Amino acid sequence: MERKKLATIWLGGCSGCHMSFLDIDERILELASLADIVKSPVVDGKSLPPCDIALVEGSVTSDEHREELFHIRKQARILVSLGDCAITTNITGMRNYFRTADVMRNAYQDAASNDRVGNYPDDPQLLKLNDKVYPLHELVKVDYMIPGCPPHADTIFYVLSALLQDREPDLDRVKKIKYG
Amino acid sequence: MDTLKMQIDGQWLDVTPGMTILDACRTHGIHIPTLCHLDGLSDVGACRLCLVEIDGNHKLQPACTTKVADQLVVHTDTEKLRNYRRITTELFFAERNHVCAVCIANGHCELQQLGYSVGMDHVRYPYLFPECNVDASHEKFVMDHNRCIMCTRCVRACAEVEGAFNWDVMNRGFNVRIISDFNTPWGESTTCTSCGKCMHACPTGAIWPKEYAQGQLKKNPGMIGELMEKRNMKLT
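Residue numbers (our numbering), protein chains in the order written: chain P, 10 to 189; chain Y, 164 to 399.
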């Protein structure tokens with residue numbers, strides 16, 4: 010079987026899904042025998058090259074994420090939403106109930122834990138938050154979903170090893186759907 | 164007692180007149196998902212999960228509020244029904260803010276379980292993200308409207324079992340909300356007896372006791388049915 014190209018990408022999430030991915034422990038050697046990791050937050054920061062499978066953690070919280078997601082969709086043959094933030098927006102979407110300006114004021118000025126004179130972080134290097142946080146499948150076609158906060162390492166391994174061996178993963182059939 | 168003959172999923176069954184299709188299914192071990200039904204409470208057909216197909220009737224009918232009838236032919240597990248159940252489940256998740264990861268009921272939630280049982284790996288509809296209140300004014304309990312699915316089990320448990328009539332329903336559609344008394348803070352209620360039956364009846368993390376933290380919630384919805392059974396016992 011031809012070696013596949015695997016990428017893992019971190020958008021608006023806490024990296025917990027990537028931690029859970031690393032929790033597959035020694036089974037990562039099995040994956041390494043089937044695929045090359047062409048991009049990952051634990052590897053480097055270059056732009057995503059064409060690949061077979063892209064696991065995307067996190068929601069779309071900014072224009073930067075949106076552009077990156079469109080780029081991923083162009084480059085990846087199979088796009089997999091990894092974790093609740095990518096699928097439901099989860100905790101990152103809890104600011105969708107409020108106006109972004111109110112959220113920022115609450116977090117950086119009015120919070121009991123600060124001095125009430127704090128400024129918003131607005132360095133041009135930082136990404137600019139959109140008013141609304143989106144799950145990936147509201148913006149691009151997503152091929153597979155791995156829900157969970159975080160998804161269990163066994164679940165991630167099950168999906169990845171299936172895809173790398175050209176099998177169809179079905180979380181419902183193997184009773185591995187989980188939220189939270 | 165007289166019995167009727169009806170067919171459920173190809174099986175002819177003897178059923179008792181007056182019982183609902185849901186009763187008949189449960190009696191014969193046929194599973195139909197429900198959220199608004201709770202043993203011991205009246206049925207209102209609110210959640211639409213128990214919809215069944217009945218031969219000769221072009222509309223789907225809720226099993227919990229449709230009575231059995233002689234020679235009735237019912238289907239509970241068709242492709243069409245499975246599709247509708249998945250849609251209904253997704254709409255529950257899309258309508259309010261069900262953030263399982265930080266929910267008190269995580270792991271003990273009937274809505275979460277329902278999602279697993281219908282094979283929901285994502286919601287195909289846009290989330291509405293309504294701004295919902297969290298009423299923590301009560302001494303013992305919290306009402307979190309983010310997690311409420313409007314099954315009204317709390318309303319019925321309060322009225323039919325406790326007899327306190329603290330809970331009611333206000334507005335319609337997207338704006339529908341459970342209210343305490345005349346839409347006043349729960350802690351100021353003049354009718355609430357703080358008995359906690361609404362908390363046990365609630366299938367999600369919408370009503371919870373203050374002493375629990377995330378994921379710790381344990382509810383006992385079965386106690387509602389047990390209470391009603393004991394109440395109907397003839398002791399002399």
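We put the CB at the ideal spot given by N, CA and C, even for glycine. Since the model is a prediction, treat every value here as computed from it, not as a measurement.
Query: Chain Y within 7 Å of residue 154(P), Cβ atoms only; Result: yes
Query: For residue 170(Y), the residue or residues it bridges with in DSSP; Result: 175(Y), 236(Y)
Query: Residue 393(Y), buried or exposed, once every other Cβ within 10 Å from all chains shown has been counted against 16; Result: exposed
Query: Residue-level contact to chain Y via CB, residue 180(P), 7 Å cutoff; Result: yes
Query: Distance between residue 34(P) and residue 51(P) (C-alpha atoms, nearest Å); Result: 15 Å
Query: Nearest-angstrom Cα separation, counted from residue 360(Y) out to residue 179(Y); Result: 30 Å
Query: CB contact below 7 Å: residue 105(P) versus chain Y; Result: yes
Query: Beta-carbon proximity list for residue 353(Y), same chain, < 8 Å, skipping 5 on both sides; Result: 344
Query: Beta-carbon contacts of residue 388(Y) that lie in its chain and below 6 Å, excluding the five residues immediately before and after; Result: 202, 203
Query: CA-to-CA distance, residue 289(Y) to residue 262(Y), given in whole angstroms; Result: 15 Å
Query: Residue environment, residue 183(P), which counts as buried when at least 16 other CB atoms sit within 10 Å; Result: exposed
Query: Three-state secondary structure (DSSP) of residue 47(P); Result: strand
Query: Beta carbon of residue 227(Y) nearer than 7 Å to that of residue 274(Y); Result: no
Query: Contact list for residue 62(P) against chain Y, beta-carbon separation under 9 Å; Result: Going along chain Y, no residue has its Cβ under 9 Å from residue 62(P), so there is no contact; the nearest lies around 17 Å.
Query: Residues, ordered as in the chain, of the stretch 253 to 270 of chain Y that lie near chain P by beta-carbon distance below 7 Å; Result: 260, 262, 263, 264, 265, 266, 269
Query: Status (buried if at least 16 other CB within 10 Å, exposed otherwise) for residue 68(P); Result: buried
Query: For residue 379(Y), the three-state DSSP class (helix, strand or coil); Result: coil
Query: Proximity winner among 26(P), 164(P), 174(P), 175(P), relative to residue 185(P) (alpha-carbon distances); Result: 164(P)
Query: Contacts of residue 33(P) in chain Y (Cβ-Cβ under 9 Å); Result: What residue 33(P) touches in chain Y: nothing, since even the nearest Cβ is about 20 Å away.
Query: Integer-rounded CB distance, given that residue 300(Y) should sit under 8 Å from residue 349(Y); Result: 5 Å
Query: Min CB distance residue 96(P) to chain Y below 7 Å; Result: yes
Query: Beta-carbon neighbours of residue 129(P), restricted to chain Y and to distances below 8 Å; Result: Per Cβ cutoff of 8 Å: no residues; residue 129(P) is ~22 Å from chain Y at best.
Query: C-beta contact flag for residue 285(Y) and residue 103(P) at 7 Å; Result: no
Query: Residue 25(P) at chain Y interface by Cβ criterion, 7 Å; Result: no
Query: 8 Å Cβ cut-off: residues of chain A touching residue 177(P); Result: Any reference to chain A falls outside this structure, whose protein chains are P and Y.
Query: Below-7 Å beta-carbon distance, residue 100(P) vs any chain Y residue; Result: yes
Query: Uninterrupted alpha helix (DSSP H) stretches inside the stretch 189 to 262 of chain Y (no shorter than 4 residues); Result: 242 to 258
Query: Euclidean distance between Cα positions of residue 179(P) and residue 95(P); Result: 18 Å
Query: Within 7 Å of chain Y by C-beta, residues of the stretch 140 to 151 of chain P in sequence order; Result: 146, 147
Query: Helix, strand or coil at residue 61(P) according to DSSP, with G and I counted as helix; Result: strand
Query: Under 7 Å between C-beta atoms of residue 144(P) and residue 25(P); Result: no
Query: Neighbourhood of residue 45(P) by C-beta, 8 Å cutoff - its chain only, sequence neighbours within 5 removed; Result: 12, 13, 14, 15
Query: Neighbour-count burial assignment, residue 305(Y), 16 or more Cβ in a 10 Å radius; Result: buried
Query: Residue 190(Y) vs residue 177(Y) beta-carbon contact at 7 Å; Result: no
Query: Exposure label - residue 239(Y); buried when at least 16 CB within 10 Å; Result: buried
Query: Interface flag, residue 292(Y) vs chain P, CB-CB below 7 Å; Result: yes
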